[in-house]
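Undergrad: Chains as they are written, first to last, in my numbering: chain A, 3 to 304; chain B, 3 to 304.
2 protein chains.
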Amino acid sequence: MSDVLICEVGPRDGLQNAKHLMPTAAKKRWISALAAAGLREIEVGSFVPAKLIPAMADTAEVVAHARTLSGVKVVALAPNLKGFERAVAAGAHKITFPVSASRRHSESNVRMSPGQMVEEVRRCAASRDPHGPEIEGAVSTAFGCTMQGEVPEDDVVRIAAALAEFCDCVALADTVGYANPAQVRRVFRRVRDEIGDRLEGAHFHNTRGLGLANALAAWDEGVRAFDSSMAGLGGCPFAPGASGNVITEDLVFMFESMGVRTGIDLEKLLAARATLIDGLPQEPVYGHTPLAGLPKGFRAAA
Amino acid sequence: MSDVLICEVGPRDGLQNAKHLMPTAAKKRWISALAAAGLREIEVGSFVPAKLIPAMADTAEVVAHARTLSGVKVVALAPNLKGFERAVAAGAHKITFPVSASRRHSESNVRMSPGQMVEEVRRCAASRDPHGPEIEGAVSTAFGCTMQGEVPEDDVVRIAAALAEFCDCVALADTVGYANPAQVRRVFRRVRDEIGDRLEGAHFHNTRGLGLANALAAWDEGVRAFDSSMAGLGGCPFAPGASGNVITEDLVFMFESMGVRTGIDLEKLLAARATLIDGLPQEPVYGHTPLAGLPKGFRAAA
């Protein structure tokens, strides 16, 4: 029973931006520990060319492992049709396509304009088997871009609406940590007005410390699915300055202390950090709640 | 022109908990730099026995300096009648009394029960000259206590109501970083229902990373005055585990990016960190916005 879905994206968004490689066996242990803590959706990797992002070279094997974990929806990122075909072959339950609302970021990231990328996702969706995986269109740089600066809200709404025509769900991502709570409320409301419940997820970075405040703002707007990354790993290698996903431990603590059930066992979640640290000992880890511990007399949401 | 008042408490809450002493001259430079950045309320020190907190021994001299800065409301903390008399003599414009809602914290901190402390503040208020300083009653550990655990909301409301009888304004403080946004909304609403506009300030710590989310929640409830500390210095030496005030730089960035005018110049604020670091070079400093910088094309609220 849960009131909010936390999708752990550390094995993808975190590791693809880490300075060191986590061995495949360690990834599997970490993902197993996350599942044991109650994570029900885990983005385990990305089907990008291994030459571009060596950390994601073992994604097919990691997907195969994650599929053995009962009750876990296994998510993988695909940047194009080729990645989509590999993700389908690997057996991902859900495939997420980032579609940047910033033309400059899109061209730098996937060498396609936002409109071309929408068409690429449309082709993937059209090629899909009726029993194939769920498809998510994630509007990235939806709140600003380190290359372009401001991203017009009209562009975000238009791309989200286009994706909603053929994606099972749409997410909005603050890829570079530019979002503020007022903007989050405004943009989520505008997109919700346009595509209704097809709008599902929110993906925030903590670059300027506003990650949890933005999550709260999205929650207030009815968002019930959030990406986050254990220990705040993450960023985007093609968007300079985009550091640190929202920290899963702090996000879960926030919701649970508010009485919002995440379905995640906080003690087990904090314990799972050890498997991350074992697998990537050189990488800095973040998190306020892990450092401070749970409050005296803390009770999880019930 | 501003929509929200940020009270910088670093020179008091930050320095009293720092591991090293900032020389008096450096304090003055830092406070001047804060004023130059647009801070209009600064809590510059605490009139506690110098033996207990050596970092506050020079508070009278620091108050005298701060009084020379045009347009700055100079705030000092007093824990009792003796401290109040010293604060009045020094010329503080506003004197804040912490009244802990946690019996255990109160007894450990000031060797008085919460009720005895309310009476102490009442005596101070009664002894006040009609042209004397403003008096604030700050309900501390209002959202939980590291010693006692849960602090009943009824206790918070009762103490706030008692203080409102003779204080110019009342604040609620999450002294140890236990608060969550749902609780913040609930408790501020309850206290507002009881004492109306006499309820003014919110003081949050970032111990579990929820500082800005709690500030946003309080803002939503109509709170328009917030304490914060440059570089996230701070805590409470008598409440173990109470680390880090909300970071001024990130709080100002949040509000300004939301279109809420703080009256503070963010560039000058970020530059003012240098005076803090010069004065206390051994102390760790925090802040996401200072590390990441302002977003490309960022515009302050206008």
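We put the CB at the ideal spot given by N, CA and C, even for glycine. The model shown is predicted, which means the values in this text are computed figures rather than measured ones.
Counting Cβ pairs, one atom from each stretch, are 3 or more of them under 8 Å apart for the segment 285–298 of chain A and the segment 226–236 of chain B?
TA: no
Undergrad: For residue 6 of chain B and chain A, any beta-carbon pair shorter than 8 Å?
TA: no
Undergrad: So if I threshold CB-CB distances at 8 Å, which residues from the segment 267–282 of chain A count as touching chain B?
TA: none
Undergrad: When the cut-off is 8 Å and only beta carbons count, does residue 215 of chain B lie next to chain A?
TA: yes
Undergrad: Kindly identify the DSSP beta-bridge partner or partners of residue 204 of chain B.
TA: According to DSSP, which records beta bridges pairwise, residue 204 of chain B is partnered with B:174, B:228.
Undergrad: Out of A:60, A:64, A:296, A:151, state which residue places its alpha-carbon closest to the alpha-carbon of residue 300 of chain B.
TA: A:151
Undergrad: Counting only Cβ pairs nearer than 9 Å, list the residues of chain A close to residue 255 of chain B.
TA: Simply 182, 210, 211, 212.
Undergrad: With burial defined as no fewer than 16 other Cβ atoms inside 10 Å of the residue's Cβ, what is the status of residue 52 of chain B: buried or exposed?
TA: exposed
Undergrad: Going straight from the alpha carbon of residue 294 of chain B to that of residue 24 of chain A, what length do you get?
TA: For the pair residue 294 of chain B and residue 24 of chain A, the Cα-to-Cα distance works out to about 26 Å.
Undergrad: Give me the Cβ distance between residue 252 of chain A and residue 210 of chain B, rounded to the nearest whole Å; I'm assuming they're in contact under 8 Å.
TA: 6 Å
Undergrad: Relative to the C-alpha of residue 16 of chain A, which candidate in A:113, A:278, A:297 has its C-alpha closest?
TA: A:278
Undergrad: Just checking: is the beta-carbon of residue 298 of chain B within a distance shorter than 8 Å of some beta-carbon in chain A?
TA: yes
Undergrad: Got a sec: which bits of the segment 135–153 of chain A sit with their beta carbon under 9 Å from any beta carbon on chain B, in order along the chain?
TA: Taking 9 Å as the cut-off between beta carbons, the residues of the segment 135–153 of chain A near chain B are 146, 147, 148, 149, 150, 151, 152, in sequence order.
Undergrad: Would you mind reading off the limits of the alpha helix (DSSP H) that contains residue 142 of chain A?
TA: Where residue 142 of chain A is concerned, there is no enclosing alpha helix (DSSP H), although the beta strand (DSSP E) it sits in stretches over 136–142.
Undergrad: Over the uninterrupted beta strand (DSSP E) stretch that includes residue 46 of chain A, give me the two end residues.
TA: 43–48
Undergrad: Pull up the distance between the alpha-carbon of residue 146 of chain B and that of residue 41 of chain A, whole angstroms please.
TA: 28 Å
Undergrad: Taking only beta-carbon atoms, is residue 265 of chain A less than 8 Å away from chain B?
TA: no
Undergrad: Spatial neighbours of residue 62 of chain A within its chain, please: C-beta separation below 6 Å, excluding the five flanking residues on both sides.
TA: Once the five neighbours on either side are set aside, the close Cβ partners of residue 62 of chain A are 92.
Undergrad: Taking all protein chains shown into account, decide if residue 305 of chain A is buried (16 or more other Cβ within 10 angstroms of its Cβ) or exposed.
TA: Since the first residue shown for chain A is 3 and the last is 304, residue 305 of chain A is missing from the structure and cannot be characterised.
Undergrad: I'd like to check one pair, residue 196 of chain B with residue 162 of chain B: are the Cβ atoms closer than 8 Å?
TA: yes
Undergrad: Classify residue 175 of chain A: buried if its beta carbon has 16 or more other beta carbons within 10 angstroms, exposed otherwise.
TA: Under this definition residue 175 of chain A is a buried residue.
Undergrad: Assign residue 22 of chain B to one of three DSSP states: helix, strand, or coil.
TA: coil
Undergrad: So that I know if they touch, is there some Cβ in chain A lying closer than 8 Å to that of residue 259 of chain B?
TA: Yes, its Cβ sits closer than 8 Å to a Cβ of chain A.
Undergrad: Does DSSP classify residue 11 of chain A as helix, strand or coil?
TA: coil
Undergrad: Determine whether the beta carbon atoms of residue 246 of chain A and residue 216 of chain A lie at a separation below 8 Å.
TA: no
Undergrad: So, is the C-beta of residue 174 of chain B closer than 8 Å to a C-beta in chain A?
TA: no
Undergrad: So with Cβ pairs under 8 Å, would you call residue 23 of chain A a contact of chain B?
TA: no
Undergrad: Between which two residues does the alpha helix (DSSP H) carrying residue 86 of chain B extend?
TA: Where residue 86 of chain B is concerned, the enclosing alpha helix (DSSP H) starts and stops at 83–92.
Undergrad: Just the chain A side, please: which residues come within less than 8 Å of residue 291 of chain B by C-beta, in chain order?
TA: 210, 211
Undergrad: Given a threshold of 16 other Cβ atoms within 10 Å of its Cβ, counted over all protein chains shown, does residue 70 of chain A qualify as buried or as exposed?
TA: Exposed: under 16 other Cβ atoms inside 10 Å.
Undergrad: Determine the chain B residues that contact residue 219 of chain A at a beta-carbon separation under 8 Å, and present them in chain order.
TA: 218
Undergrad: Per DSSP, what kind of secondary structure is residue 99 of chain B in: helix, strand or coil?
TA: strand
Undergrad: Let me see if you follow: with CB-CB separation under 8 Å, is residue 157 of chain B close to chain A or not?
TA: no
Undergrad: Applying the criterion that 16 or more other CB atoms from any shown protein chain within 10 Å of the CB defines a buried residue, is residue 242 of chain B buried or exposed?
TA: Residue placement at residue 242 of chain B is poorly supported in this model, since its pLDDT is 49, which falls under 50; the coordinates are not used for a value here.
Undergrad: May I ask you to report which of helix, strand or coil DSSP gives residue 126 of chain A?
TA: Correct three-state label for residue 126 of chain A: helix.
Undergrad: Can you pull the DSSP bridge partners for residue 216 of chain A?
TA: The partner list for residue 216 of chain A (beta bridge, DSSP) is empty, contrary to what the question assumes.
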